[in-house]
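Line order of the protein sequences matches chains E and X.
Just so you know, full-length UniProt numbering puts 273 at position 273 of the first sequence, and the rest follows in order with no gaps.
Just so you know, full-length UniProt numbering puts 15 at position 15 of the second sequence, and the rest follows in order with no gaps.
C-beta: ideal position from N, C-alpha, C; glycine also.
These notes concern the structure reproduced below.
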Amino acid sequence: MKSNASVLASLLILLLALLIGGVMTGAYELSATELWWALTGRAEELEHFLVWQVRMPRLVLAVVVGAALALTGAATQGLFRNPLAEPTLIGVTSGAMLFAVLMLVLSARLLAGFPLWMQQISVSLAAFAGALLTTGIVYRLAAGRGRLNVTTMLLAGIAIAALAGAFTGLMVYQSTESQLRDITFWSLGSLGGANWTQVAIAAPLIVVGGYFLRRDALALNAFLLGEREAAQLGFRVDRVKRRVIVWVALLVGVCISLTGLIGFVGLVIPHLLRLWRGTDYRQLLLFSGLLGASFLLGADTLARTIVAPAELPIGILTALVGAPFFLWLLLRERRKTVFL
Amino acid sequence: MIRGTNLTVRLGGRVILDGVDCTVRPGRVTVVMGKNGAGKSTLLNRLASRNSEGAVAGAVEVDGRCLSVYDPKELGRKRAVLAQSVHLGFPLSVAEVVEIGCYGRYDALTTRQRRERVRHYLDLLELTDLRDRSYPTLSGGEQKRVLLAKCLLQLDHDGTDQKTNHYLLLDEPTAALDVEQQYRFVHLATGLARERGMGVFAVLHDLNLAARFADDLIFLKGGKLVAAGPKASVLTKTIIRTTFDVDCLIQAHPRADCPLITTLPYEQPNLAPACAPQRT
Numbered sequence: 001m002k003s004n005a006s007v008l009a010s011l012l013i014l015l016l017a018l019l020i021g022g023v024m025t026g027a028y029e030l031s032a033t034e035l036w037w038a039l040t041g042r043a044e045e046l047e048h049f050l051v052w053q054v055r056m057p058r059l060v061l062a063v064v065v066g067a068a069l070a071l072t073g074a075a076t077q078g079l080f081r082n083p084l085a086e087p088t089l090i091g092v093t094s095g096a097m098l099f100a101v102l103m104l105v106l107s108a109r110l111l112a113g114f115p116l117w118m119q120q121i122s123v124s125l126a127a128f129a130g131a132l133l134t135t136g137i138v139y140r141l142a143a144g145r146g147r148l149n150v151t152t153m154l155l156a157g158i159a160i161a162a163l164a165g166a167f168t169g170l171m172v173y174q175s176t177e178s179q180l181r182d183i184t185f186w187s188l189g190s191l192g193g194a195n196w197t198q199v200a201i202a203a204p205l206i207v208v209g210g211y212f213l214r215r216d217a218l219a220l221n222a223f224l225l226g227e228r229e230a231a232q233l234g235f236r237v238d239r240v241k242r243r244v245i246v247w248v249a250l251l252v253g254v255c256i257s258l259t260g261l262i263g264f265v266g267l268v269i270p271h272l273l274r275l276w277r278g279t280d281y282r283q284l285l286l287f288s289g290l291l292g293a294s295f296l297l298g299a300d301t302l303a304r305t306i307v308a309p310a311e312l313p314i315g316i317l318t319a320l321v322g323a324p325f326f327l328w329l330l331l332r333e334r335r336k337t338v339f340l
Numbered sequence: 001m002i003r004g005t006n007l008t009v010r011l012g013g014r015v016i017l018d019g020v021d022c023t024v025r026p027g028r029v030t031v032v033m034g035k036n037g038a039g040k041s042t043l044l045n046r047l048a049s050r051n052s053e054g055a056v057a058g059a060v061e062v063d064g065r066c067l068s069v070y071d072p073k074e075l076g077r078k079r080a081v082l083a084q085s086v087h088l089g090f091p092l093s094v095a096e097v098v099e100i101g102c103y104g105r106y107d108a109l110t111t112r113q114r115r116e117r118v119r120h121y122l123d124l125l126e127l128t129d130l131r132d133r134s135y136p137t138l139s140g141g142e143q144k145r146v147l148l149a150k151c152l153l154q155l156d157h158d159g160t161d162q163k164t165n166h167y168l169l170l171d172e173p174t175a176a177l178d179v180e181q182q183y184r185f186v187h188l189a190t191g192l193a194r195e196r197g198m199g200v201f202a203v204l205h206d207l208n209l210a211a212r213f214a215d216d217l218i219f220l221k222g223g224k225l226v227a228a229g230p231k232a233s234v235l236t237k238t239i240i241r242t243t244f245d246v247d248c249l250i251q252a253h254p255r256a257d258c259p260l261i262t263t264l265p266y267e268q269p270n271l272a273p274a275c276a277p278q279r280t
């Protein structure tokens, strides 16, 4: 078995390679020389703009969002001790979806008098608010007498998701043709609108959140034995749960608000690493972050090249690549050994 | 010493534990016995955990301080609990599960020290060959040994705090083990009490294992205390009959310095009249 250091190195190399490949490919192909010129500031204005204002922010955003989605997926699976757990389960996604759709449908009427920048980021803000609000409700429902019941939380999450789904459906039913198109596009995710402001919002938060989630790696390992065991080992179980949920909600909320819904990264990446490197959360969180970043970066590069000059919503690609791959992994593992 | 006074637990409208007093003394093996559902595991969990399930009354003191005022980490270094069984959320290797035992002192140990301690306890419980196996693929008995190794590592102190008392609470430790492993397990636990001064508290079902290895016995029935005290004073026919509703013979063990107990069916003359129990 390879050492953790060499796995880390290969994941970093993969990420770097995809970054370079990502800058060079697209509707307008750049050669290595042109890239070098652009990076060192000797390129034509067009290339310089393309590299620094169009491709770079998009790539960095893909890295940051991919890392956050995979990282939070791994953490949620550990917290719920469930291989199917995703941030979706704590209500983040459904709330974000509902509020974003609400905003897409109502923004024309609601925000008529507001400044332009507010109208532009209104969907993001609404999605973020919705994500936190639903997670808050789910959390309140599951927390009682100072304890947090994970099973209740799971069920509450499903119920709230269904409720939010119904309201979303109602909104969709009310929407016009063009709004419907916006909603569909948003629900499939896209990194198309990436700019440095978005990166500046997301990157620090995700780095800090990743750091704090990583600090609970030992607790997440102990959680694998069950909450009671973790408590008897000396972990403050309820505080750990609260911390993990708050960070997951924040990170996923930010991601969704910037890029729309991007599925499968949080589910597939941690499983892939788990099958390859085991479950130990001390490595799993970091590796998930790195591989998730690479995965989303690769997927986004594909999304904007295969039908260039148009682009595919990235959610289609992540599901298209992720789902069959995941099934293949499951079948292979089932033949080999006990999966769960 | 762990001292529980008037321990009561109500769960779902049912009284699981009803005003039980008990003590676990350092250097001694205390065994709790009783029928299924007598409240044995509930008692163990009540002694071990800061917050247990259900409505709770009574107080638990560990070395003179109330359980609820302990810092969880400090308590985690002081007492370990061997659960009846543990199902992992995701597979971990044997070595990884054992290593979880030292998470309470994670930052105080270097990576090398951690590895060395894990190896030590894997050796002690003859798990070295299994160290890279996935925990869920092990047999029930092997899993028990892994969990015990984890518990011992949790209480491992490297001579830094010799003065602190340590407590090991075992919930049916012998349940999934073969006969030889049962003896080995109980022998190891008693060794920890005798040599390291650990306070051992165990739920057992085997009267003879208890008769042989326990110092103090606690008998529970329907959540209430039947009797508690040193082995010699409470291991009597009346108490066993009250607790388990079976008759028994208590003889001197021919080879060891302890009683030998043979249980006999009680009040079932119709089932096998030819060998009806002799009341002595």
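Neighbour-count burial assignment, residue i, 16 or more Cβ in a 10 Å radius
| i | result |
| --- | --- |
| R332 (chain E) | exposed |
| A75 (chain E) | buried |
| Y121 (chain X) | buried |
| W186 (chain E) | buried |
| Q198 (chain E) | buried |
| T88 (chain E) | buried |
Short Cβ contact (8 angstroms threshold) for residue i with residue j
| i | j | result |
| --- | --- | --- |
| V62 (chain X) | A202 (chain X) | no |
| F219 (chain X) | V200 (chain X) | no |
| A17 (chain E) | S288 (chain E) | no |
| L233 (chain E) | G76 (chain X) | yes |
| A230 (chain E) | A217 (chain E) | no |
| G157 (chain E) | G263 (chain E) | no |
| D171 (chain X) | Q84 (chain X) | yes |
| G101 (chain X) | L153 (chain X) | yes |
| L251 (chain E) | L285 (chain E) | no |
| L7 (chain X) | V24 (chain X) | no |
| K150 (chain X) | G104 (chain X) | no |
| R145 (chain X) | L125 (chain X) | yes |
| S93 (chain X) | R65 (chain X) | no |
| F235 (chain E) | L79 (chain E) | no |
| F295 (chain E) | G113 (chain E) | no |
| R274 (chain E) | F90 (chain X) | yes |
| C22 (chain X) | A228 (chain X) | yes |
| G95 (chain E) | A164 (chain E) | yes |
Endpoints, alpha helix (DSSP H) assigned at residue i
| i | result |
| --- | --- |
| R277 (chain E) | V265 to R277 |
| P204 (chain E) | W196 to R215 |
| D238 (chain E) | V237 to T259 |
| G229 (chain X) | No alpha helix (DSSP H) contains G229 (chain X), which is instead part of the beta strand (DSSP E) from K224 to P230. |
| L155 (chain E) | V150 to Q174 |
| T184 (chain E) | E177 to L188 |
Residue i - containing beta strand (DSSP E), residue span
| i | result |
| --- | --- |
| I250 (chain X) | D247 to A252 |
| Y167 (chain X) | Y167 to L170 |
| M33 (chain X) | V29 to G34 |
| K163 (chain X) | Unbroken run through K163 (chain X): none, as it is neither H nor E. |
| residue 316 (chain X) | No answer is possible for residue 316 (chain X): the residues shown for chain X start at 1 and end at 280. |
| P91 (chain X) | Neither: P91 (chain X) is in no beta strand (DSSP E) and is coded neither H nor E. |
| E29 (chain E) | Where E29 (chain E) is concerned, there is no enclosing beta strand (DSSP E), given that its DSSP letter is neither H nor E. |
| D216 (chain X) | D216 to K221 |
| L69 (chain E) | L69 (chain E) -> not in any beta strand (DSSP E); alpha helix (DSSP H) instead, spanning M56 to F80. |
Interface flag, residue i vs chain B, CB-CB below 8 angstroms
| i | result |
| --- | --- |
| L89 (chain E) | No chain B appears in the structure shown, which is made up of the protein chains E and X. |
Residue i beta carbon near the ligand HEM (any heavy atom closer than 7 angstroms)
| i | result |
| --- | --- |
| G26 (chain E) | With respect to the ligand HEM, the structure shown offers nothing to examine, as it has no ligands at all. |
Review point. Along the region 63-87 of chain X, what residues have a CB closer than 9 angstroms to any CB found in chain E?
Key: D71, P72, K73, E74, L75, G76, R77, R79, A80, V81, A83, V86 and H87
**Study point:** the region 221-243 of chain E: positions lying closer than 8 angstroms to chain X by Cβ
**Key:** N221, A222, F223, L224, L225, G226, R228, E229, A231, Q232, L233, G234, F235 and R236
Review point. Taking any Cβ of chain E, which residues in the region 88-119 of chain X have a Cβ under 8 angstroms from it, in chain order?
Key: L88, G89, F90, P91, L92, S93, E96, V97, I100, G101, Y103, G104 and Y106
Check your understanding: Touch check for the region 132-140 of chain E and the region 86-99 of chain E: three-plus C-beta pairs under 8 angstroms?
Key -> yes
Review point. Do the region 256-264 of chain X and the region 210-230 of chain X touch if we need at least three Cβ pairs shorter than 8 angstroms?
Key: yes
Point to revise | the region 30-39 of chain X / the region 216-230 of chain X touching (three or more Cβ pairs under 8 angstroms) | key: yes
Review point. For the region 38-56 of chain X, which residues have a CB atom closer than 7 angstroms to at least one CB atom of chain E, in sequence order?
Key: A48 and S49
Review point. When Cβ atoms are compared, which residues of the region 136-156 of chain X fall closer than 9 angstroms to chain E?
Key: P136, T137, L147, K150 and Q154
Check your understanding: Does the region 130-150 of chain X come close enough to the region 198-217 of chain E to have 3 or more Cβ pairs within less than 8 angstroms?
Key -> no
Exercise for review: Examine the Cβ distances between the region 240-259 of chain E and the region 38-53 of chain E and report whether three or more of them are shorter than 8 angstroms.
Suggested key: no
Review point. Any contact of the region 299-306 of chain E with the region 19-27 of chain E, i.e. 3+ C-beta pairs under 8 angstroms?
Key: yes
Exercise for review: With 9 angstroms as the limit, tell me which residues of the region 207-222 of chain E have their beta carbon closer than that to any beta carbon of chain X; keep them in chain order.
Suggested key: L218, A219, N221 and A222
Check your understanding: Between the region 164-186 of chain E and chain X, which residues of the former have a C-beta closer than 9 angstroms to a C-beta of the latter?
Key -> none
Point to revise | Near-chain X residues of the region 266-296 of chain E - C-beta to any C-beta below 8 angstroms | key: R274, G278, T279 and D280
Exercise for review: Can you give me, in chain order, the residues of the region 56-74 of chain E that have a beta carbon less than 9 angstroms from any beta carbon in chain X?
Suggested key: none
Practice item. Examine the Cβ distances between the region 310-319 of chain E and the region 189-198 of chain E and report whether three or more of them are shorter than 8 angstroms. Key: yes
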